[in-house]
Amino acid sequence: MAWQPDQQGLRELTYLLREAANPNGRDQGLISQRLQLFNEYPDYNAYLIYILTKATNEDINTRRVAGLQLKNNIKNNFNSIPMFTLNYVKQTCIEALAHPEVVIVKTLSSVVSSIVSRGQVHNWLDVLSFLIHQLNSNNKLAIETALNTLVMICEDTAIELDEEMHGIRPLSFMLPKFIEFISSAEPRWRVQAINATSQFVLLKSPSFVEQFDAILTALYARTTDSDHRVRRELGRILAILWEAFPDKLQPYLYPTIEYMIQATMDQDEEVALGACDFWVQYAQVDRYHDELVPYLTRLVNCLLRLMVYSEKDLLDLSDEPMHTPFIEEDSDQAIRPRYYRPKNPIESPEPVDHPQNYSDSESEFDSDEHHITDDDEHDDDRDEFDDFDDDEFYSQVSLRQSSAAALDVLSVTYKSDIASVLLDQLLHHTLHDSNWLIRESGILALGAAAEGGIEVISRYLHQLIPYLLNSMQDPQPLIRSISCWATSRFSKWLMHQYDTNEQGRQLYFESVLYALLHTLLDTNKRVQESACTAFTILEENASNRLRPYIYSILTHTNKAFTLYRRKNRLILYDVLGTLADSVGHALNNPTYIGLLMPPLITKWNELADNDTDLFPLLECLSNITAALGSGFKPFVEPVLSRCVQLISSTLQQQAYADEYPDKISPPNVEFLIAALDLLSGIVQGLGSNIQPLIANTNPPLLSLLRTCIHDPVSEVLQSTFALIGDIAIACFNLLEPFIPDIMVKLIQVLKSPEYIISVVSVYNNALWAIGEIVMRWKSKTMYYIPALIDVLVPLLKHAHAPPSVHENSMVALGRLGLACPENVAPHLRKFIKPWLKKSLSVREGDEKDSAFRGLCAMIRINVNDAQEELYLLLVSISTWKSPSSLLSKDLHDVVEGFYQMTSQDEWNYTFSSLNKEEQAYIQSILGKNHT
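Start counting the sequence shown at 2; every next residue gets the next number (the numbering used here).
The following block contains the structure:
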């Protein structure tokens, strides 16, 4: 007998669903809890499908809520649904699909798709056959429902659909139907069919490849489609096809180019956006590079027209305050969420002294590698100039920004070809148009093409830079804004002018620097923002070239602090932090400190501990403390104390949240990370002078760090290990009582190589901290040597580890050998060859110097294992340009020792294998001539 609902239970559940569907109903939380209790009944989901499909007298919203509950139950509790209930739900779904009701079809489709996805395709093949059969129906609603359901299934289970099941591949009989519907008379069905087909392109599944020619024929027949929705889908799938099958699309090359140029100028914005995406994809396909060249003039003109602000753009901008209100601060709504950006360890082929403080000074837009971070999900509310730096500047989903991004990528690929076309239009028309909107779009285009077209554009920058500087004073704030950004895109050219001669320095570098400083004090908030970001980019490229201009910079930023409201003040912190990074210890000047620190300390004292505005200020101060060194001493006590309090309170809140997860929300761990990084900056800046302050922190900082090393958040570990390494350098005696616990944790972290790619920063800082500790702990490290060898050697040899991990492992092993040569030397055979190979790519510095001294100490004890790699050892030694006096003596002793112990024939053979420069270096070490 078929399942039937109990009427009393049905009434009770329907009542609750009716209340849940009422947006004005009370006690929604209680209703939700009562609905959750229904999951205890085995046939609860049978009631839900019954209400969705058969309770036709019930309010439609109630039925939809039932469907939503059912879909969520399937997604979250599928394995606990009894089989008899699941079978009833499946059968009822098929019955409802056979005679669909327009008011519930979307909900029904989502339920069916969820069952297929969670239960796997092979367990409900019947529904696919049924849906394909429905596509032959005379009922339009049945066809549309079947298509809609199939699209959802394709989106959720694309890979499974082309797996063999009971001798067939579902996709093999689905694709022909999709191809048929691509040519349907009904536009909505064409859209659905193209959408469903697109799910399989990047998978390159066998059934798709078999049907490839038929799919292309159907798609290209739609290039003259009159329906804008079809053109949207067509543009999307063509872009994906060119990414996946560039070689197979050669016969369609010219029709595609023509179609996409037309699509770029389509009246429908979504179609044009898709076309811009296509050009980004096309530019990355080397095979058809030359074929686009004849079309570049038309394409560039199309993109230029799209870069002009639309009426909608201007309307959106008109809703924002353009001038600084001197009475009111910016509201929370005016400021996008700010997230702390932990300092990155070194991940380049060349380690630096403090790996945890490595940051990439190159900020140019890289179209091939837009790294998406956790911040991106919160970026929807950015206004257009919220961050003028390249990746985020281009990330806006608008025709203006998408066309600029397309031009940027095309300029990188076509370089002089596209730059010549663009400059001809800009110099003779766009940049001198009487319409300020046209001029503004031309400046945007100039900046967009800066990276790829610099070879051609640089010939005209002697006239374009003055043009941009003049535009920074334009009456229109949007022109002033875009001029700042465009100028910053030529920062490297400006550095070249600085380095070439005094005239270039004065005419271009200084002119831009002072113009941007002047624009920092613009009364328009948008212009202030873009000037700050542009100046930050200039700072990053200029580095220590800025030292003669520190006073001018600080006087302008000081004035800006009095002018700016909250939003732009946060960006101003970046300007100052980057300045500190660029000029380093040159900032440690009483005059500079008198300008720099008062406004920062004022804000530091004003902000509450839970105010997210602390993040950029903490970042800024972290850079400044490292740069000022002893100059930060007058400010260190209150800053240090507050950082310790932030760490302590965050850890306490996390402990309470762990104990009472239902009552207490976890704290914002980014406060903890930011405080740890600022402490690193303070310790680096003050060195051993920090010892009494750390010794007297309340609560004790080192006890807090012993807790931090067990935090599950990788960014916390990254910053904790960095601070531990800094403290080891500055005041090792304070750290020593805690080292056993720390060493156990460091080894434990390094024992998980499966995470090496995802948390490389943690590995690098752990390795760096180990090296700093063992050099100072010396023989006390002995107990941990077997465990350290067991983790360091595999990391040095790890085939998939980033180069930075190999290099930091090499340094740590060398320093371990320096600390305990007698205990590490017996293991030399395990790692000497990869160690020496890796040493060739590591630049000279204190870390490599100490690591090499450790190697020499191990060789003196275990010379036999080293002799097997004598050639590689001599090559590695010969790369040294400026070894320390201690290392110079060690190198001499090692080379002299091998020369004395090796037979003349063997030495001559090894020596003759070296190149002339290497031979000369080894001879200079020995102080005698031999061959």
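From the three backbone atoms N, C-alpha and C, an ideal C-beta is built for every residue, glycine too.
No experiment lies behind these values; they were computed from the predicted model shown.
{"Query": "What is the C-beta distance between Leu-254 and Leu-235, in whole angstroms, given that I count them as a contact (C-beta under 8 Å)?", "Result": "About 16 Å separates the two Cβ atoms, so there is no contact after all."}
{"Query": "Is Thr-54 closer than 8 Å to Thr-93 when the C-beta atoms are compared?", "Result": "yes"}
{"Query": "Between the segment 296-314 and the segment 410-420, do three or more beta carbon pairs fall short of 8 Å?", "Result": "yes"}
{"Query": "Pop quiz: Asn-196 and Val-152 are said to be a contact at Cβ under 8 Å. What is the actual Cβ separation, rounded to whole angstroms?", "Result": "5 Å"}
{"Query": "Of the residues Ala-658, Ala-543, Cys-821, which one's Cα is nearest the Cα of Thr-782?", "Result": "Cys-821"}
{"Query": "Report yes or no: do three or more beta-carbon pairs, one from the segment 861-873 and one from the segment 784-793, lie closer than 8 Å?", "Result": "no"}
{"Query": "Quick check on the burial criterion: 16 or more other C-beta atoms within 10 angstroms. Buried or exposed for Thr-651?", "Result": "buried"}
{"Query": "At which residues does the alpha helix (DSSP H) containing Glu-86 begin and terminate?", "Result": "Checking the sequence shown, residue 86 turns out to be Thr, not Glu. Start and end: 84-99."}
{"Query": "Can you give me the start and stop residues for the alpha helix (DSSP H) that Trp-486 sits inside?", "Result": "478-489"}
{"Query": "So does the segment 654-668 actually touch the segment 621-633, counting three or more Cβ pairs closer than 8 Å?", "Result": "no"}
{"Query": "Could you have a look at Asp-392 and say whether DSSP puts it in helix, strand or coil?", "Result": "Its pLDDT being 45, under 50, Asp-392 is placed unreliably in this model, and the value from its coordinates should be taken loosely. In the structure shown, Asp-392 sits in a helix (DSSP, three-state: H, G or I)."}
{"Query": "Who are the Cβ neighbours of Glu-897 in its own chain at under 7 Å, not counting the five residues just before and after it?", "Result": "Leu-927"}
{"Query": "By alpha-carbon positions, which one of Asp-614, Asn-78, Leu-641, Ala-21 ends up nearest to Asn-964?", "Result": "Given that the chain is displayed from residue 2 to residue 932, the structure contains no residue 964 and the question cannot be resolved."}
{"Query": "Between which residues of its own chain and Ala-194 is the CB-CB distance below 6 Å, once the five residues before and five after are set aside?", "Result": "Phe-179, Phe-182, Ile-183"}
{"Query": "Can you round the beta-carbon distance between Val-684 and Ile-625 to whole angstroms, since I take them to be within the 8 Å contact cut?", "Result": "Actually they are not in contact, since the Cβ atoms of Val-684 and Ile-625 sit about 14 Å apart, beyond 8 Å."}
{"Query": "Which residues share a DSSP beta bridge with Ile-169?", "Result": "Met-166"}
{"Query": "Confirm, please, whether the CB-CB distance from Ser-780 to Pro-700 is below 8 Å.", "Result": "no"}
{"Query": "Could you give the residue range of the alpha helix (DSSP H) that holds Cys-709?", "Result": "702-709"}
{"Query": "Report the three-state DSSP secondary structure of Asn-734 (helix, strand or coil).", "Result": "helix"}
{"Query": "Between the Cα of Leu-36 and the Cα atoms of Val-745, Glu-660, Asn-73, which residue gives the shortest distance?", "Result": "Asn-73"}
{"Query": "Taking the Cβ atom as the reference point for each residue, do Val-645 and Leu-702 lie within a distance shorter than 8 Å?", "Result": "yes"}
{"Query": "Taking its Cβ as the centre, do 16 or more other Cβ atoms sit within 10 Å of Ala-222, making it buried, or is it exposed?", "Result": "exposed"}
{"Query": "Candidates Ser-111, Ala-535, Ser-904: which alpha carbon is nearest Leu-517's?", "Result": "Ala-535"}
{"Query": "Decide if Gly-595 is buried, meaning its Cβ has at least 16 other Cβ atoms within 10 Å, or exposed.", "Result": "exposed"}
{"Query": "Just to confirm the assignment, what range does the alpha helix (DSSP H) spanning Ala-581 have?", "Result": "567-584"}
{"Query": "Would you call the segment 463-471 and the segment 501-520 touching, i.e. three or more CB-CB distances under 8 Å?", "Result": "yes"}
{"Query": "Under 7 Å Cβ to Cβ from His-893, same chain only, skipping five residues before and after it: list those, please.", "Result": "Ile-926"}
{"Query": "For His-586 and Tyr-550, what's the separation of their Cα atoms in angstroms?", "Result": "14 Å"}
{"Query": "Looking only at C-alpha atoms, which of Leu-87, Ala-852, Ser-81, Ile-61 sits nearest to Val-106?", "Result": "Ile-61"}
{"Query": "So what's Ala-451 in DSSP terms, helix, strand or just coil?", "Result": "coil"}
{"Query": "From Leu-580 to Leu-751, what distance separates their C-alpha atoms?", "Result": "35 Å"}
{"Query": "Quick check: Leu-705 and Asp-712, are their CB atoms within less than 8 Å of each other?", "Result": "no"}
{"Query": "What does a CB cutoff of less than 8 Å around Ser-199 pick up in its chain, not counting 5 residues either side in sequence?", "Result": "Glu-234, Arg-237, Ile-238, Ile-241"}
{"Query": "Just the Cα atoms here: how many angstroms apart are Ile-710 and Gln-749?", "Result": "11 Å"}
{"Query": "Using 8 Å as the cut-off, can you tell me whether the segment 133-144 makes contact with the segment 157-170, which would need three or more C-beta pairs spanning the two stretches below that distance?", "Result": "no"}
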